[in-house]
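The structure appears right after this line, and notes come after that.
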Amino acid sequence: MSGKPKLTYFNGRGRMESVRWMLAAAGTEFEEAFLETKEQYQKLIKDGALLFDQVPLVEMDGMKLVQTKAILSYIAGKYNLYGKNLKERAQIDMYVEGKSDLMGMVLTYPFSPPEEKEKKLALINERATTRYFPVYEKALKQHGKDFLVGNCLSWADVHLLEAILMIEELKPNVLSQFPQLQGFKARISNIPNIKKFLQPGSQRKPPPDDAYIATVLEVLKSD
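Throughout the sequence shown, residue numbering follows full-length UniProt numbering, covering 1 to 223 in sequence.
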């Protein structure tokens, strides 16, 4: 296909939100198709659009891309968000994978039973402040640059800002002991393409609500 990338997913964050962030950071406009019924999802499978019968699905450059990491890697490479050499790419991959571990907890949190949410929120906060954020804090301090790797925006920076903002929605003071990350958040948030994405009316999705959760569960439920 030609033209704008087309993103097929639910009308909410989930695993597609990082893709929206990356395309926005690259200044690339995209279209979206939202799954609202099980029939729509089953048709994608029947038509062979989903290699592993899973969304997200991104159609761009004549390809039907699935698997979130593969999609993000392609976008990062295409739009020069993946470092200048293999060494920088390896560093970016490490930072991205660490953030992905943390964000996996955040993505599943809204689907947790009510009686487990307090415990899961405490675990997210504990992991963020003792395992993950200290790594990025130290990296920024030692690197002495505005970005995590090299001296230009990369996939790692975009991914980290997304994580920070999503965790702050759950724990507003989570950066209180991380001055380097506070400065990083302010800098990256003011990059023009990202600043635009953070404004009301953009394609950035709000925190998941009950309607979104119900739609996802209904569409994906087994017969």
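Ideal Cβ positions, reconstructed from N, Cα and C, are used throughout, including at glycine. Bear in mind the structure is a predicted one, so any value in this text is a computation, not a measurement.
Check	Outcome
Cutoff 7 Å; reference Ala156; Cβ partners in own chain excluding five residues on either side	Ile92, Tyr95, Val96, Leu148 and Val149
Beta-carbon proximity list for Tyr82, same chain, < 7 Å, skipping 5 on both sides	Ala76, Arg89, Ile92, Ser154 and Trp155
Inter-residue Cα distance where the pair is Val174 and Lys43	42 Å
Classification of Ala220 by the beta-carbon crowding that lies within 10 angstroms, buried from 16 upward	Sequence check: residue 220 is Leu here, not Ala. Label assigned to Leu220: exposed.
Backbone secondary structure at Lys171 - three-state DSSP	coil
Reduced DSSP category for Ser2 - H, G, I as helix; E, B as strand; rest coil	Low confidence applies here, because Ser2 scores a pLDDT of 49, under 50, leaving its location unreliable and the question unanswered by this model.
Helix, strand or coil at Val135 [DSSP, three-state]	helix
Cβ contact check for the stretch 10-17 and the stretch 201-220: 3 or more pairs under 8 Å	yes
Length of the line joining the Cα atoms of Ala163 and Ser73	17 Å
Buried versus exposed call for Arg131 [16 or more other C-beta atoms within 10 Å across all chains shown]	exposed
Whole runs of the alpha helix (DSSP H) within the stretch 81-136, excluding any shorter than 4 residues	86-108 and 114-127
Burial state of Leu23, where buried means 16 or more other Cβ atoms lie within 10 Å	buried
Presumed contact (8 Å Cβ cut-off) between Val58 and Ile45, rounded CB distance	Wrong, their Cβ atoms sit about 16 Å apart, outside the cutoff.
Close beta carbons around Ser2, own chain, < 6 Å, minus the five adjacent residues each side	A caution first: Ser2 carries a pLDDT of 49, below 50, which makes its placement in the model unreliable, though a value can still be read off. Closer than 6 Å at Cβ, skipping near neighbours: no residue.
Reduced DSSP secondary structure (H/G/I, E/B, other) of Lys205	coil
Own chain residues within Cβ distance below 8 Å of Leu177, not counting five before or after	Residue identity differs from the one stated: residue 177 is Gln in this sequence, not Leu. Counting only Cβ-Cβ distances below 8 Å, and skipping sequence neighbours, we find Thr129.
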